[in-house]
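Residue numbers (our numbering), protein chains in the order written: chain L, 1 to 591; chain S, 1001 to 1591.
Number of protein chains: 2
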Amino acid sequence: MRTSIATVCLSGSLTQKLHAIAAAGFDGVEIMEADLVCAFESPEEIRALCARLGLSIDMYQPLRDVEGVDDETFAANLRRAEAKFDLMARLGTDLVLLCSNVATATVDDDDRAGAQLGMLADAAAAHGIRIAYEALAWGRFVDDYRHAWRLVQRADRPNLGLCLDSFHILSRGHDPAAIEGMDARKLFFLQLADAPALDLDVLSWSRHHRLFPGEGDFDLVGFLTHVRRAGYAGPLSLEVFNDVFRQTDVAGTARHARRSLNWLADRTAAAGGWELDRVEAPQHPRGVDFVEIAGSDLADVDRILDQLGFAYGGGHRSKTVRLWQAGAARVVLNEQAREERPRLAGFGFLVDDAEAAMRRALAIGAPEAFRLTSAGEQRLRAVAAPDGTEVYWNDRVGGGSWLAEFGERADAATPALLDGIIDHLNVGYAWHQFDEAVLFNTSILSLEPEPVTELAGPHGLVRSQAMRSADGAVRLAMNVAPPSAPAVDRHVAIRVDDARAVARRARERGLRFLPIPGNYYDDLAARFALDDDLLGELRDLDLLYDRDARGAFVHFYTPTVGGVFFEIVERQGGYEGYGATNAPVRLAAQR
Amino acid sequence: MRTSIATVCLSGSLTQKLHAIAAAGFDGVEIMEADLVCAFESPEEIRALCARLGLSIDMYQPLRDVEGVDDETFAANLRRAEAKFDLMARLGTDLVLLCSNVATATVDDDDRAGAQLGMLADAAAAHGIRIAYEALAWGRFVDDYRHAWRLVQRADRPNLGLCLDSFHILSRGHDPAAIEGMDARKLFFLQLADAPALDLDVLSWSRHHRLFPGEGDFDLVGFLTHVRRAGYAGPLSLEVFNDVFRQTDVAGTARHARRSLNWLADRTAAAGGWELDRVEAPQHPRGVDFVEIAGSDLADVDRILDQLGFAYGGGHRSKTVRLWQAGAARVVLNEQAREERPRLAGFGFLVDDAEAAMRRALAIGAPEAFRLTSAGEQRLRAVAAPDGTEVYWNDRVGGGSWLAEFGERADAATPALLDGIIDHLNVGYAWHQFDEAVLFNTSILSLEPEPVTELAGPHGLVRSQAMRSADGAVRLAMNVAPPSAPAVDRHVAIRVDDARAVARRARERGLRFLPIPGNYYDDLAARFALDDDLLGELRDLDLLYDRDARGAFVHFYTPTVGGVFFEIVERQGGYEGYGATNAPVRLAAQR
């Protein structure tokens, strides 16, 4: 598999982009005209730089608004194209993208458009240049790849072929199956982009909201399967116009982009029996093994865990790390951190084969996290999520696992008052990390996205999306605060059988919960016909409540320590949500 | 005119919102349920706080998903509504907003819906409560205000009327003229919101992109005229769901909101001969009188102006302020500033009646800028634009004006080498200032918006919108950088007859222009059939070029000093643009 990316996906100057693209491991690049025009480096310098970096210039883009015009306009267009062919010779690339005419086409006549494409191709042939014609989703007369294909066939020139772009095809709902019937020698180039399902005009959607594969709602695995079946063997190239990626760190975005292609190639190969470019198969998470909270002084976290009924599982044999356990819920407190403010620093997941999970993560492109290991200690390997959280995998429960590092008490049945399991992890991301986190969670954690919701917080709307394993054993609730708001605190939700009993006991043990306004309970009474006893108990204990057609949800929150807090949740019946309607109350109360 | 605003427009807690709303001068408030539910203050406390602040609680909102359901569901809905009626009694408000059913309506039957509205109204009547029924643009069966009106007539209860919301009516393209035929006694409430023209699903459009009146594309003057003709005499209330306003400073947004109603009332009154709520008539700007650049050391700006051919017009008689002139282009350098970095700090506009312009600005609600005035000095009054820029007006050109402060030389025909006029001001805004700036420029500077464009910069997309006077004598190009990008520098564009001659002379006088990449000129040659002499001269002088159907544009930029630079522009023929296609080249070169 050869990989490529359009320079328009990234921020910075052209040379910065090229360095980042090469460093991320791409084989080639599509150079967008605007990037070259704004560069002080000559085409010869760019050509030489790409050669030194080992990047092929796979395509120059775009030529626009050429075909379907009157003869006089076409003559001017040919003159303009000739100048670009000269430029391409200086750049040392032989393929140019031609977008279907948006602005100047006046004649809806395939004879004329085909003839003009043929004349353009002939002019290009004199320079040894090939033309990849692409139907833009908002083209004036040509807005469907099948129409572009008919014109390419009509013109019938060896150096005229198609560029297929997943966005332009899938955004219009066009069936990509017809790709399979095309002559692979005529498929000159393939541009890939994902996108969220939006009911927005297609031009704005395309210019601002494209995503890397695996981050949106398009079926790119199915799309690429059609392309593969047609026999296309050229590069997989990314062309993603996105307001966020255009302004974030160029090196990070390039690595992020590259990972999306690893994921897509792997999943497409797996779906279609195509053996190339497979990586280690995904390890589906069976549950959360532990969460790690880091900070220079975690005494306040110790106190809360003790009040909740966790059992102290002992200290690590060589590090200032402590373990707390409550049934299957394990919390590791790591005081080796230099940073004072406690934070949710890592997660461990239970899988069938931890080494395979790690191999897959590294093959997809996740960076390995560094961790000091002393002699005689188990070496724990982890990768860093986009926000820096460390992710571990474990396939050995009990004595053979990392728990042995905590001595005898950890592995024994300690007398925890609380019997729980980690229900979900609630993680906050900065506004520019969200899409990358979706890809990480999909490709490396094997979680599937649930629909996006929005929560009204006192600082603005919080975008929220849960991702979960098929059986719900692992759930990650992702939140993004608006750019001007403080970072969203993270929390660990522990599921218990009887949240009211846990709350009563924790209160007796001195835990003060997050207080909830009385108005909330008045509203609860209006929304649900709760009996007075239940309502009174909820009110007394500062418990929150939700209900849907399948069941009910009772939950409460501890105070926040640094950037982390705990939630105790009880799921009744088939309730599958996270109490999203209560989130604004929590956000306001935490403020 | 009574004014009101929905709490959902603003950020912060309910009490913070109420304080800000009162301070901004609103008469009343719509309390959104979610804001009350999240508040620790009881309904009685909120009622008492509003009383102390002098705010009437004009409406509680919303009741949802009540009508058009089966009998069992309706019984549950009535129970829920009764709880809210009790709550409203505690709050001391007698009007509740009822949105047309979105989620639970299953029966598209006006008989049933009308009967259920009637039963709800009867239940409300027992509490002394009135119901304002509103057709949401995405209502399940009722999505048109005329349909809501038919149901209200069918139910025929004295305490059941309509709530009209400009967004729900204008977003669907429904003709608001039918409002005029309605019985004013049945028009219980009026919610106003503007919005940009977007091709987006109406729910997302409504929830995220509403704007205050005067900031979007809706004809709110026409809308309010219909409402006024119907005889509606209740409050004008703002209900604006907007992602930006939800997260910006609550006090500032409340003042901003209040100004939008002053503008709307004034323009509607002016359009319809309605004499209430008029403020001083707008003063249309005839031209730019001067620009002021402030900084603690402006020697580098002096040098650039001298190199461009400006004449030194002398120092101010009592302040460390200097004047430079080139024909009608006047630049004031103010070294009284404490801030070191030079910045574009103020503009003066030429109008027929400066005092009237100032009176209008203050009546709309612009804050007056403070300026020290010494004895014997002319008192110059200014208001502060949303970004802090000071705005002045002048109706006396020559000896009687502020120029007299600069002694004899200023008023005389000084031997400037350059004869120019200020063509446009290019101002950068932070992402959260843009909409407020549009309102300021519309309502106070009497400028009209041109279409929004987007420019690709190395740090992301820059949103750009020009606003101008009808004759083009005053033009403001507004730019907004993405949140993570550095602030956009501002500049002053000076129009001359022969930009090439000015460039040649300035270069001889030692000015180094912003250098332009050679690739730009290759692209220019491809795009336009320019003769070689012109292209060579443009390339030699680092000049930029643009052309449209009406004319051409030649321009160049000086280096940036602090946060400000100058542009020299030449407009050929009827060219009315700003060389937007060249902006990415400039942004990259300035980086």
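Positions of the beta carbon are idealized from the N, C-alpha and C atoms, including for glycine. All values derive from a computational prediction rather than experimental measurement.
What residues from the region 1163 to 1193 of chain S come within 9 Å of chain L, judged by C-beta to C-beta, listed N to C?
-> none
Alpha helix (DSSP H) segment containing C1050 of chain S, residue limits | 1043 to 1053
State the start and end residues of the unbroken beta strand (DSSP E) segment that holds Y145 of chain L.
-> Not the beta strand (DSSP E): Y145 of chain L falls in the alpha helix (DSSP H), residues 145 to 155.
Note down, one range per segment and in chain order, each beta strand (DSSP E) of at least 3 residues found wholly within the region 1459 to 1543 of chain S.
-> As far as the region 1459 to 1543 of chain S is concerned, its whole beta strand (DSSP E) runs of at least 3 residues are 1460 to 1468, 1475 to 1480, 1490 to 1495.
Once you ignore the five residues that flank E1292 of chain S on each side, which residues in its own chain have a CB closer than 6 Å to its CB?
-> So the qualifying residues of the chain are V1332, N1334, A1345, G1346.
Span of the alpha helix (DSSP H), counted from its first residue to its last, around F167 of chain L | 166 to 170
Any idea what DSSP makes of F440 of chain L, helix, strand or coil?
-> helix
Give me the Cβ distance between P482 of chain L and Q1247 of chain S, rounded to the nearest whole Å; I'm assuming they're in contact under 8 Å.
-> Contact holds; Cβ gap of about 5 Å.
For I1304 of chain S and L1417 of chain S, the rounded distance between their alpha carbons = 13 Å
Leaving out five residues before and five after L1264 of chain S in sequence, what residues of the same chain have Cβ atoms less than 8 Å from its Cβ?
-> L1192, P1213, G1214, L1220, V1221, L1224, L1236
May I ask which residues mark the beginning and end of the alpha helix (DSSP H) holding D1086 of chain S?
-> Counting along the chain, the alpha helix (DSSP H) containing D1086 of chain S begins and ends at 1071 to 1091.
Shortest alpha-carbon distance to E239 of chain L belongs to which of L:L511, L:E134, L:N519, L:Q465?
-> L:E134
Contact under 8 Å by Cβ, N1394 of chain S with A1369 of chain S = The criterion of a C-beta distance shorter than 8 Å is not satisfied by N1394 of chain S and A1369 of chain S.
Residue from L:H491, L:N519, L:A580, L:P285 whose Cα sits closest to the Cα of D471 of chain L | L:P285
Pull up the distance between the alpha-carbon of F188 of chain L and that of G234 of chain L, whole angstroms please.
-> 7 Å
Near-chain S residues of the region 60 to 90 of chain L (beta-carbon distance less than 8 Å), N- to C-terminal order = A76, R79, R80, A83, K84, L87
List the residues of chain S that S469 of chain L touches, going by C-beta distances under 8 Å, in chain order.
-> What S469 of chain L touches in chain S: nothing, since even the nearest Cβ is about 30 Å away.
Below 8 Å between beta carbons: does that hold for V383 of chain L and I444 of chain L?
-> yes
If you pair each beta-carbon of the region 1243 to 1259 of chain S with each one of the region 1300 to 1317 of chain S, do three or more pairs fall below 8 Å?
-> Fewer than three beta-carbon pairs drawn from the region 1243 to 1259 of chain S and the region 1300 to 1317 of chain S are found closer than 8 Å, and the two stretches are therefore not classed as touching.
DSSP three-state call for H19 of chain L: helix, strand or coil?
-> helix
Is D1035 of chain S helix, strand or coil when you go by DSSP?
-> Reduced to three states, the DSSP call for D1035 of chain S is helix.
Measuring only between beta-carbons, confirm whether H459 of chain L sits less than 8 Å from chain S.
-> Yes, H459 of chain L lies at the interface with chain S (some Cβ there is under 8 Å from its Cβ).
Please name the residue in L:L10, L:R490, L:R591 whose C-alpha comes closest to that of D249 of chain L.
-> L:L10
Closest Cα partner of I494 of chain L within the set L:D35, L:G376, L:A328, L:R547 = Closest by alpha carbon: L:A328.
What do you reckon, are the CB atoms on R64 of chain L and C99 of chain L nearer than 8 Å?
-> yes
When Cβ atoms are compared, which residues of the region 479 to 490 of chain L fall closer than 7 Å to chain S?
-> P482, P483, S484, A485
So, is the C-beta of N1441 of chain S closer than 8 Å to a C-beta in chain L?
-> no
Taking just the CA atoms, how far does H1208 of chain S sit from E405 of chain L?
-> So the alpha carbons of these two residues sit roughly 51 Å apart.
Do R675 of chain L and A178 of chain L have their C-beta atoms within less than 8 Å of each other?
-> An answer regarding residue 675 of chain L cannot be provided, because it is not within the stretch 1 to 591 covered by chain L.
Give the DSSP-derived three-state secondary structure of A404 of chain L in the structure shown.
-> helix
G1551 of chain S beta carbon less than 8 Å from that of L1573 of chain S | The sequence shown places Gly at residue 1573 of chain S, not Leu. Yes.
Could one say the Cβ of V1279 of chain S lies closer than 8 Å to chain L's Cβ atoms, at least one of them?
-> no
Simplified DSSP state of I364 of chain L, which is helix, strand or coil = helix
The region 1426 to 1438 of chain S touching the region 1508 to 1528 of chain S, judged by at least three CB pairs closer than 8 Å | no
Consult DSSP for R1286 of chain S and reduce its assignment to one of helix, strand or coil.
-> coil
Would you mind working out which of L:V569, L:L36, L:G348 sits nearest D419 of chain L, comparing C-alpha positions?
-> Taking D419 of chain L as reference, the option from L:V569, L:L36, L:G348 with the minimal CA-CA separation is L:V569.
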